[in-house]
Amino acid sequence: MSAPHPAYGRFEQALRSGRPVVTCEVRSADGADPAAVRKRARLVRDWVDAVNVPDNTGGVVHASPWASCAILAQEGIDPIVHMTCRDRNRMALQSDLLGANLLGIRNVLCLTGDHMIHGDQPETKPVYDVDSIQLVAIATKLAREGKYLSGREVKPPPNLFPGAAANPFAPPYEYRPLRVGKKVDAGARFIQTQIVYNVDRFEEFMARVRDLGIDRRVPILAGVAPIRSVKAAQFMRDQVPGMEVPDPLIRRMAAAGDAKARREEEGIRICVEIIERLKKIPGLAGFHLMPIEWESAVAEICRQSGLRPATSPPAAGSSASPVSPLLNP
Amino acid sequence: MTTALENLPPAIAWFGRLLRRYPRAGRQLNRAAAPFENLTKVLMFGCNMCGQCILHETGMTCPMNCPKTLRDGPCGGVRMNGHCEVKPEMMCVWVKAERRSRWLPWREEILRVQEPLDWRLKGSSAILNMFSGPLLDERGRP
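The listed protein sequences correspond, in order, to chains A and B. Just so you know, the first sequence maps onto residues 376 to 704 in my numbering. Just so you know, the second sequence maps onto residues 3 to 144 in my numbering.
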């Protein structure tokens with residue numbers, strides 16, 4: 376690999392800067408058109424330090440996240456690839472970690488993965504060979520020790536920056552902060568949380584995290600997301616396990632009415648209010664925006680809440696990919 | 003599993019060494035013992051015979067009953083009532099494990115990061131595996 380591009384490792388630099396870091400999620404391609412990914416990337420590029428690409432979220436098939444991440448890297452974005460244990464055994468995980476790194480992707484969010492029972496192909500065989508914490512340990516072993524799980528040497532070792540997720544809103548609540556500690560023990564270098572709607576519960580979680588000293592061991596980014604409609608809020612509350620959407624928020628969305636502009640405005644306002652409350656919580660390193668299929672909301676949320684990337688955005692038209700783009704925009 | 007081996011009482015460590023010296027006999031003994039272990043542990047803990055028991059670290063709750071076979075704690079999909087996201091009628095294995103582990107004097111063990119599972123050992127006796135280490139034949143079977 377030649378000299379690394381300035382955007383390569385931008386996420387880690389941002390976390391080290393001490394300023395609040397902003398990341399957001401862009402869904403992976405849902406068709407064979409790379410331009411669709413580029414279009415979404417450009418909507419968020421100037422507002423964030425890094426962009427996550429989820430891995431078959433909710434058990435619904437999309438393009439491999441590392442493929443979309445490689446396109447993001449060509450757009451000058453430092454991508455964070457999601458890697459789940461649902462669809463890959465430990466061999467596939469190791470080869471994907473290495474393969475993603477060859478394409479200029481070093482940030483990996485290690486996840487267990489939503490079960491396929493919630494998706495559109497529930498008849499699939501679940502893999503779950505290893506779990507998310509073991510995956511963090513595998514990525515750490517590859518990068519730090521330069522060894523595969525078998526002990527065989529990787530030459531040269533990949534430059535990985537593994538992270539993990541936390542969900543403060545699912546039982547057992549007392550165990551959740553300890554589980555974050557366990558992920559850090561395994562080698563997680565950053566934590567991104569589930570979407571925060573219940574700020575009170577999140578405050579309790581963070582208080583315990585601070586008591587345990589975990590916030591000083593790892594940067595924690597709070598997940599936030601705008602609600603687009605009452606229906607979407609009710610779906611998240613009733614159909615997405617591990618999500619907590621308090622009723623007052625749903626009532627506010629209902630009061631905003633059915634007109635698209637009105638309800639979207641209200642959804643963004645709620646999101647900005649949550650960010651303002653989260654800003655007061657000590658121990659948070661930044662925010663992770665999850666505008667589910669609504670990437671254009673990222674700019675508006677950042678503008679209203681004053682969130683800015685911790686690192687300066689790369690020059691327009693620059694690429695963070697070590698591979699020359701095969702498909703020019 | 004190596005840590006368990008180091009801490010065994012001398013008599014058991016000797017027995018483990020004996021099994022390792024005669025691996026064929028060790029495997030036969032393992033096959034003979036597995037059904038008895040299965041019977042008792044299935045009745046008491048709903049064991050799944052993964053062959054690498056960590057019941058004592060998970061509040062005596064078998065983590066292999068989790069539909070995602072998670073050995074390091076609950077996933078993010080646990081329902082508000084503490085039930086499983088995949089099997090809504092079942093209490094989450096890890097909600098039970100966390101609650102029960104509080105009663106155990108060695109409750110911090112639940113925080114240990116587990117090694118990935120050796121799937122070859124499924125169905126074999128975890129107790130003998132702990133004594134002797136995995137005894138695999140030339141085709142990699144227990």
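A virtual CB, placed ideally from N, CA and C, is assigned to each residue, including glycine. Note that the structure is a prediction, hence the values are computed from the model and not measured.
Locate the beta strand (DSSP E) running through residue i, then write down its first and last residues.
{"i": "glycine 521 of chain A", "result": "Here glycine 521 of chain A belongs to no beta strand (DSSP E), and DSSP marks it neither H nor E."}
{"i": "glutamate 400 of chain A", "result": "396–400"}
{"i": "alanine 1 of chain B", "result": "No answer is possible for residue 1 of chain B: it lies beyond the span of chain B, which begins at 3 and ends at 144."}
{"i": "alanine 425 of chain A", "result": "425–428"}
I'd like to know if residue i contacts chain B, where contact means its C-beta is closer than 9 Å to some C-beta of that chain.
{"i": "arginine 461 of chain A", "result": "yes"}
{"i": "proline 616 of chain A", "result": "yes"}
{"i": "alanine 518 of chain A", "result": "no"}
{"i": "arginine 481 of chain A", "result": "no"}
{"i": "tyrosine 503 of chain A", "result": "yes"}
{"i": "phenylalanine 465 of chain A", "result": "For clarity, residue 465 of chain A is arginine in the given sequence; the question names phenylalanine instead. Cβ-Cβ to chain B under 9 Å: yes for arginine 465 of chain A."}
{"i": "asparagine 488 of chain A", "result": "In the sequence as presented, asparagine is not what sits at residue 488 of chain A; that position holds glycine. Chain B, which has a Cβ nearer than 9 Å to the Cβ of glycine 488 of chain A, makes this yes."}
{"i": "glutamine 496 of chain A", "result": "no"}
{"i": "histidine 493 of chain A", "result": "yes"}
{"i": "alanine 512 of chain A", "result": "yes"}
{"i": "leucine 524 of chain A", "result": "yes"}
{"i": "serine 671 of chain A", "result": "no"}
{"i": "serine 403 of chain A", "result": "no"}
{"i": "glutamate 579 of chain A", "result": "no"}
{"i": "serine 507 of chain A", "result": "yes"}
{"i": "glutamate 619 of chain A", "result": "yes"}
Can you list, in chain order, the residues of its chain with a C-beta nearer than 8 Å to that of residue i? Leave out the 5 residues immediately preceding and following it.
{"i": "serine 377 of chain A", "result": "Interpretation of serine 377 of chain A is limited by its pLDDT of 49, a score under 50 that renders its predicted location unreliable; the figure taken from the coordinates is listed afterwards. Excluding positions up to five away in sequence, the list reads Pro697."}
{"i": "proline 497 of chain A", "result": "Gly434, Met491"}
{"i": "isoleucine 129 of chain B", "result": "Ala35, Glu39, Cys55"}
{"i": "proline 501 of chain A", "result": "Arg461, His490, Met491"}
{"i": "proline 69 of chain B", "result": "Cys86, Val88, Lys89"}
{"i": "phenylalanine 47 of chain B", "result": "Leu57, Met62, Thr63, Cys64"}
{"i": "leucine 624 of chain A", "result": "Tyr572, Ile602, Ala608, Ile645"}
Is any beta-carbon of chain A found at less than 9 Å from that of residue i?
{"i": "arginine 81 of chain B", "result": "yes"}
{"i": "glutamate 140 of chain B", "result": "no"}
{"i": "proline 118 of chain B", "result": "yes"}
{"i": "valine 95 of chain B", "result": "no"}
{"i": "threonine 4 of chain B", "result": "Below a pLDDT of 50, predicted positions are generally treated as unreliable, and threonine 4 of chain B, at 45, falls in that range; the measurement from the model is reported next regardless. So, not an interface residue."}
{"i": "leucine 113 of chain B", "result": "yes"}
{"i": "glutamate 100 of chain B", "result": "yes"}
{"i": "glutamate 87 of chain B", "result": "yes"}
{"i": "glycine 28 of chain B", "result": "no"}
Looking only at DSSP bridge pairs, what is residue i linked to?
{"i": "threonine 568 of chain A", "result": "A:Ala541"}
{"i": "threonine 459 of chain A", "result": "A:Leu486"}
{"i": "phenylalanine 536 of chain A", "result": "A:Asn482"}
{"i": "glutamate 528 of chain A", "result": "A:Lys522"}
{"i": "isoleucine 595 of chain A", "result": "A:Ile566"}
{"i": "leucine 664 of chain A", "result": "A:Cys399, A:Val599"}
{"i": "proline 454 of chain A", "result": "A:Val426"}
Can you name, in chain order, every residue of its own chain whose Cβ lies under 6 Å from the Cβ of residue i, other than the five neighbours on each side?
{"i": "lysine 473 of chain A", "result": "Reading off the sequence shown, one finds leucine at residue 473 of chain A, where the question assumed lysine. Only Pro533 meet the Cβ criterion."}
{"i": "arginine 109 of chain B", "result": "Ser103"}
{"i": "glycine 53 of chain B", "result": "Leu123, Lys124, Ser126, Ala128, Asn131"}
{"i": "threonine 60 of chain B", "result": "Ala99"}
{"i": "serine 403 of chain A", "result": "Val428, His437, Ala438, Pro440, Ser443"}
{"i": "methionine 581 of chain A", "result": "Ile656, Gly658"}
{"i": "proline 704 of chain A", "result": "Since pLDDT at proline 704 of chain A reaches only 44, below the 50 mark, its modelled position is unreliable, and the value read off the structure follows with that caveat. Answer for proline 704 of chain A: Arg413, listed in chain order."}
{"i": "isoleucine 455 of chain A", "result": "Ala425, Asn427, Asn482, Leu484"}
{"i": "serine 693 of chain A", "result": "Gly451"}
Grab the span of the alpha helix (DSSP H) containing residue i for me, first residue to last.
{"i": "glycine 642 of chain A", "result": "635–654"}
{"i": "valine 80 of chain B", "result": "Looking at the DSSP string, valine 80 of chain B is not in any alpha helix (DSSP H), and its letter there is neither H nor E."}
{"i": "leucine 123 of chain B", "result": "Careful: leucine 123 of chain B lies outside any alpha helix (DSSP H) and carries neither H nor E."}
{"i": "valine 95 of chain B", "result": "95–103"}
{"i": "arginine 417 of chain A", "result": "409–419"}
{"i": "glutamate 387 of chain A", "result": "385–392"}
{"i": "threonine 432 of chain A", "result": "Counting along the chain, threonine 432 of chain A falls outside any alpha helix (DSSP H), and DSSP gives it neither H nor E."}
{"i": "asparagine 476 of chain A", "result": "465–477"}
{"i": "glycine 18 of chain B", "result": "12–23"}
{"i": "glutamate 578 of chain A", "result": "574–586"}
To which residues of the same chain is residue i closer than 7 Å at the C-beta, ignoring the five residues directly before and after it?
{"i": "serine 134 of chain B", "result": "Gly18, Leu21, Arg22, Gly28"}
{"i": "arginine 394 of chain A", "result": "Ala685"}
{"i": "glycine 79 of chain B", "result": "Glu87"}
{"i": "glutamate 578 of chain A", "result": "Ile656"}
{"i": "glycine 617 of chain A", "result": "Asn542, Phe544, Ala545, Gln569"}
{"i": "phenylalanine 610 of chain A", "result": "none"}
Which of the residues in the segment 45–76 of chain B, read from start to end, lie with their CB under 8 Å from any CB of chain A? Pro69, Lys70, Thr71, Leu72, Arg73, Asp74, Gly75, Pro76
What residues in the segment 531–544 of chain A have a beta carbon less than 9 Å from any beta carbon of chain B? Ala540, Ala541, Asn542, Phe544
In chain order, what residues of the segment 543–570 of chain A put their CB closer than 8 Å to some CB of chain B? Ala545, Pro546, Pro547, Glu549, Tyr550, Leu553, Arg554, Gly556, Lys557, Asp560, Ala561, Gln569
The segment 118–138 of chain B: which residues have C-beta closer than 7 Å to a C-beta of chain A, in chain order? Pro118
Which residues, taken in chain order from the segment 14–25 of chain B, show a beta carbon closer than 8 Å to some beta carbon of chain A? none
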